[in-house]
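Written out below as structure tokens is the structure these notes cover.
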Ligand code: ATP
């Protein structure tokens, strides 16, 4: 299923921060959203996910117009937002967090993914099933954030800075899992400050500046234009 955003504008009070923004993420595609601090990337994801509702325009997910819907309604439509840094209930175990994701699927009348599937996609989590989320490392927590989203069986996954705080090998594994999930039909819209991680992962990218799409195309082409920023943010890839 796909995601189609057209002429989306978002406001905080009187202040407009997204300006007639349009983008498309096809089924099974990974689409990157790049841009400096304050460009509007998080607001874009929050607006799609129904967490920010002072918006106008069109957001079509799985052929349904969801612009302005509440977050729970958007989630029921199969659109899940995974937030930066893994904000999960820290006192709950890995297993219990996964059960929350499972309940989200059931709440929207969809069969959740099997737990066996979760362990297959995220093998590092199985031995940690009984551990409190607060005691996980950054990489384990980010894998759990993704796994909770995965078990809820979304059709569109919105990811906000999945590489944040991760050691390079951990981030590399996470992005290859994201790519594989897309290869199996998931639609992914991913916001990244460190675009080098999206090489070989993103099919298509949008560059935001001050709430507007200023460029769109292959990551390689966009990276050329923002080389200066990338060099500042480039992770060390061995
Ligand atoms: P970052 O990479 O730093 O997270 P971003 O690209 O995600 O930045 P946003 O967080 O979406 O950008 O912010 C876009 C604009 O909206 C910025 O000018 C920011 O100051 C403003 N903004 C964000 N949240 C609020 C808020 N709650 N109230 C008022 N303005 C806000």
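In my numbering, the protein residues as written are 1 to 238. Note that beta-carbon positions come from the ideal geometry of N, C-alpha and C, so glycine has one too. As the structure is a computational prediction, the values presented were derived from the model and not from experiment.
Item: Cutoff 8 Å; reference residue 64; Cβ partners in own chain excluding five residues on either side; Value: 77
Item: Within-8 Å CB hit, residue 175 to chain B; Value: Given the protein chain composition of this structure (a single chain), no chain B is represented.
Item: Residues that residue 209 bridges to, as DSSP identifies them; Value: 212
Item: beta-carbon residue 15 near the ligand ATP non-hydrogen atom, thresh 7 Å; Value: yes
Item: Stretch-stretch touch, CB-based, cutoff 8 Å, three pairs: the region 52–59 with the region 126–144; Value: no
Item: Residue 41 CB to nearest heavy atom of the ligand ATP below 7 Å; Value: yes
Item: Anticipated Cβ contact below 8 Å, residue 187 with residue 3, distance rounded; Value: 6 Å
Item: Distance between beta carbons of residue 154 and residue 79, contact taken as under 8 Å; Value: 6 Å
Item: Integer-rounded CB distance, given that residue 197 should sit under 8 Å from residue 163; Value: 5 Å
Item: Start-to-end residues for the alpha helix (DSSP H) that takes in residue 107; Value: 94–107
Item: Member of 13, 35, 12 whose CA lies at the smallest distance from the CA of residue 216; Value: 35
Item: Residue 209 to residue 107 span [Cα, whole Å]; Value: 37 Å
Item: For residue 90 and residue 60, the rounded distance between their alpha carbons; Value: 33 Å
Item: Continuous alpha helix (DSSP H) stretch holding residue 155: start and end; Value: Looking at the DSSP string, residue 155 is not in any alpha helix (DSSP H), and its letter there is neither H nor E.
Item: Proximity of residue 71 and residue 43 at Cβ, strictly below 8 Å; Value: no
Item: When 146, 185, 200, 160 are compared against residue 174, the one with the closest alpha-carbon; Value: 146
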